[in-house]
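Below is one structure; the comments refer to it alone.
Protein chains: 2
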Amino acid sequence: MANKSVDPIRPTDDGARQLAREIVAGARYGSLGVLEADTGFPLVTRIAFGTSPSGALLALVSSLSQHTAALRRVPVCSVLVGEPGASGDPLTHPRLTLQCRAQFIEASDPARPALREAWLTTHPKAKVYIDFADFSFVRFDVERAFLNGGFGKAYVLEATDLDFV
Amino acid sequence: MANKSVDPIRPTDDGARQLAREIVAGARYGSLGVLEADTGFPLVTRIAFGTSPSGALLALVSSLSQHTAALRRVPVCSVLVGEPGASGDPLTHPRLTLQCRAQFIEASDPARPALREAWLTTHPKAKVYIDFADFSFVRFDVERAFLNGGFGKAYVLEATDLDFV
Numbered sequence: 000m001a002n003k004s005v006d007p008i009r010p011t012d013d014g015a016r017q018l019a020r021e022i023v024a025g026a027r028y029g030s031l032g033v034l035e036a037d038t039g040f041p042l043v044t045r046i047a048f049g050t051s052p053s054g055a056l057l058a059l060v061s062s063l064s065q066h067t068a069a070l071r072r073v074p075v076c077s078v079l080v081g082e083p084g085a086s087g088d089p090l091t092h093p094r095l096t097l098q099c100r101a102q103f104i105e106a107s108d109p110a111r112p113a114l115r116e117a118w119l120t121t122h123p124k125a126k127v128y129i130d131f132a133d134f135s136f137v138r139f140d141v142e143r144a145f146l147n148g149g150f151g152k153a154y155v156l157e158a159t160d161l162d163f164v
Numbered sequence: 000m001a002n003k004s005v006d007p008i009r010p011t012d013d014g015a016r017q018l019a020r021e022i023v024a025g026a027r028y029g030s031l032g033v034l035e036a037d038t039g040f041p042l043v044t045r046i047a048f049g050t051s052p053s054g055a056l057l058a059l060v061s062s063l064s065q066h067t068a069a070l071r072r073v074p075v076c077s078v079l080v081g082e083p084g085a086s087g088d089p090l091t092h093p094r095l096t097l098q099c100r101a102q103f104i105e106a107s108d109p110a111r112p113a114l115r116e117a118w119l120t121t122h123p124k125a126k127v128y129i130d131f132a133d134f135s136f137v138r139f140d141v142e143r144a145f146l147n148g149g150f151g152k153a154y155v156l157e158a159t160d161l162d163f164v
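Below is the structure:
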């Protein structure tokens, strides 16, 4: 038996762009893939994910975690967002793979207070640790993205398709 | 305010080993992180994940997908398993990060029929596409693993802690 769909990538259209934006807007966590410089291995961990009021993609990470140490050394990374609920089929649930460069937003950054306030509206449990000295925001600058809208519905998106700040 | 837990890694104990094995045994999908040789970026995608009757860690992947192409070139990878249900807090839900080398199990491999049969008992929807020519099994040989049992409960595990085949 052969799979008839030879080219799995569909032309990017407004529906794909809209779905990608909706996945990002709805994501509260995701899977971060970083590259460990010393081992050469990728490392995938779960991170808290959100967006800023201006639409920038953000994570709140601890310097005690391996992914943060890796990102400080090698800023290229990938984030998978679009988690299925308990009832959905995980492999047909729409998801978005982002490839990004990570930029740390240090505690002294004048932008941080507004990011902090906005973050707590979408991640209220973070109030327990958001002010710990080891936690900081990371902004993900998207270079490209891959949308999987379900079996056989794959799209390649550019940063301009996503309108992220 | 400072976080008092300076060393976030706890000594590995039998409880951690057992939790890691339970996460793997219960996983039906996960987040795969591969390294793209041409771009140098990690790439994180959702994959179907399971175990063989002998306990080997497996994925069923399509050669039409980017992660499969990347794994064929660079076999080092990472898999995150331990997905929260709809009601759990994703950031306290236990999860396991594996760092592995991927080995493809080709269609002609005499082990495939038994793997196929076992896979369909845990992934029944795969019967629609498991026999497509572009699908193959990948076995993940674990080099090390990182267990996050919830906030502040981190462990480093070796392959011997996990008893995988």
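If you read the protein sequences in the order shown, they are chains E and C. Per numbering that gives the first Met the number 0, the very first residue in the first sequence carries number 0; after that it's consecutive. Per numbering that gives the first Met the number 0, the very first residue in the second sequence carries number 0; after that it's consecutive. Every residue, glycine too, gets a C-beta built ideally from N, C-alpha and C. Because the structure is a prediction, the values reported are computed rather than measured.
Checklist entry - At which residues does the alpha helix (DSSP H) containing residue 129 of chain E begin and terminate? => result Taking the first residue of the first sequence as 1, we reach residue 129 of chain E at position 130. No alpha helix (DSSP H) holds residue 129 of chain E; DSSP gives it neither H nor E.
Next on the checklist: Assuming residue 8 of chain E is part of the alpha helix (DSSP H), what are its boundary residues?
Outcome noted: As a working mapping, residue 8 of chain E is identified with position 9 in the first sequence. Per DSSP, residue 8 of chain E belongs to no alpha helix (DSSP H) and is neither H nor E.
Checklist entry - Closer than 9 angstroms, Cβ to any Cβ of chain E: which residues of the segment 22-35 of chain C, in chain order? => result 27, 28, 29, 30, 31, 32, 33, 34, 35
Checklist entry - Going by the beta-carbon positions, is the gap between residue 87 of chain C and residue 43 of chain E smaller than 8 angstroms? => result For this step, residue 87 of chain C is matched to residue 88 along the second sequence. For this step, residue 43 of chain E is matched to residue 44 along the first sequence. Taking 8 angstroms as the Cβ cut-off, residue 87 of chain C and residue 43 of chain E do not qualify as a contacting pair.
Checklist entry - So with Cβ pairs under 8 angstroms, would you call residue 60 of chain E a contact of chain C? => result As a first step, residue 60 of chain E must be located in the first sequence, where it is residue number 61. So, not an interface residue.
Checklist entry - Buried or exposed: which applies to residue 162 of chain E, given that a residue is buried once 16 or more other Cβ atoms fall within 10 Å of its Cβ? => result Position 163 of the first sequence, counting from 1, holds the residue named residue 162 of chain E. So residue 162 of chain E ends up on the exposed side.
Checklist entry - Can you find a CB in chain E that lies within less than 8 angstroms of the CB of residue 14 of chain C? => result Stepping through the second sequence from its first residue, residue 14 of chain C is reached at position 15. With 8 angstroms as the cut-off, residue 14 of chain C does not count as an interface residue toward chain E.
Next on the checklist: Between the alpha carbons of residue 153 of chain C and residue 41 of chain E, how many angstroms are there, rounded?
Outcome noted: As a first step, residue 153 of chain C must be located in the second sequence, where it is residue number 154. As a first step, residue 41 of chain E must be located in the first sequence, where it is residue number 42. Cα to Cα, residue 153 of chain C sits roughly 18 angstroms from residue 41 of chain E.
Checklist entry - What residues in the segment 101-134 of chain C bring their beta carbon closer than 9 angstroms to a beta carbon of chain E? => result If the cut-off is 9 angstroms between Cβ atoms, the segment 101-134 of chain C has 122, 124, 125, 127, 128, 130, 131, 132, 133, 134 near chain E.
Item to check | Residues in the segment 37-51 of chain C having any Cβ partner in chain E nearer than 9 angstroms | outcome: 38, 39, 40, 41, 42, 43, 44, 45, 46, 47
Checklist entry - So with Cβ pairs under 8 angstroms, would you call residue 10 of chain C a contact of chain E? => result Counted from its first residue, the second sequence places residue 10 of chain C at position 11. False, the Cβ-Cβ gap to chain E never drops below 8 angstroms.
Checklist entry - If the cut is a Cβ gap below 7 angstroms, which residues of chain C does residue 88 of chain E touch? => result Against the first sequence, residue 88 of chain E aligns to sequence position 89. The contacting residues are 124.
Next on the checklist: For a cutoff of 8 angstroms on Cβ pairs, would you count residue 98 of chain C as touching chain E?
Outcome noted: For this step, residue 98 of chain C is matched to residue 99 along the second sequence. Closer than 8 angstroms: yes.
Item to check | Chain-order list of residues whose beta-carbon lies under 6 angstroms from that of residue 91 of chain E (same chain, five-residue window excluded) | outcome: Looking up residue 91 of chain E in the first sequence gives position 92. Its chain contains 149, 150 as the residues whose beta carbon lies nearer than 6 angstroms to that of residue 91 of chain E, once the 5 sequence neighbours on both sides are disregarded; these appear in chain order.
Checklist entry - Hey, quick one: how far does the beta strand (DSSP E) through residue 100 of chain C stretch, first residue to last? => result For the purposes of this step, residue 100 of chain C is taken as residue 101 along the second sequence, with counting starting at 1. That run of the beta strand (DSSP E) goes 94-104.
Next on the checklist: Given this structure, state the Cα-to-Cα distance separating residue 7 of chain C from residue 130 of chain E, to the nearest angstrom.
Outcome noted: For the purposes of this step, residue 7 of chain C is taken as the residue at position 8 of the second sequence. For the purposes of this step, residue 130 of chain E is taken as the residue at position 131 of the first sequence. Distance between the alpha carbons of residue 7 of chain C and residue 130 of chain E: 18 angstroms.
Next on the checklist: Just to confirm the assignment, what range does the beta strand (DSSP E) spanning residue 45 of chain E have?
Outcome noted: Here residue 45 of chain E refers to the residue found at position 46 of the first sequence. That run of the beta strand (DSSP E) goes 41-50.
Item to check | Reduced DSSP secondary structure (H/G/I, E/B, other) of residue 140 of chain C | outcome: Taking the second sequence and counting its residues from 1, the one referred to as residue 140 of chain C is at position 141. Reduced to three states, the DSSP call for residue 140 of chain C is strand.
Next on the checklist: Given this structure, state the Cα-to-Cα distance separating residue 19 of chain E from residue 55 of chain E, to the nearest angstrom.
Outcome noted: Looking up residue 19 of chain E in the first sequence gives position 20. Looking up residue 55 of chain E in the first sequence gives position 56. Taking the straight line from one Cα to the other gives about 14 angstroms.
Checklist entry - Taking 8 angstroms as the CB-CB cut-off, is residue 158 of chain C touching chain E? => result Translated into the one-based positions of the second sequence, residue 158 of chain C becomes position 159. With 8 angstroms as the cut-off, residue 158 of chain C does not count as an interface residue toward chain E.
Checklist entry - residue 7 of chain E versus chain C: which residues are under 7 angstroms apart at the beta carbon? => result As a position in the first sequence, residue 7 of chain E is number 8, starting the count at 1. Neighbours of residue 7 of chain E on chain C, chain order: 63.
Checklist entry - Using a C-beta to C-beta distance shorter than 7 angstroms, which residues of chain E count as neighbours of residue 94 of chain C? => result Taking the first residue of the second sequence as position 1, residue 94 of chain C is located at position 95. Taking a Cβ-Cβ cut-off of 7 angstroms, the neighbours of residue 94 of chain C in chain E comprise 45, given in sequence order.
Checklist entry - Between the segment 65-72 of chain C and the segment 20-27 of chain C, are three or more C-beta pairs nearer than 8 angstroms? => result no
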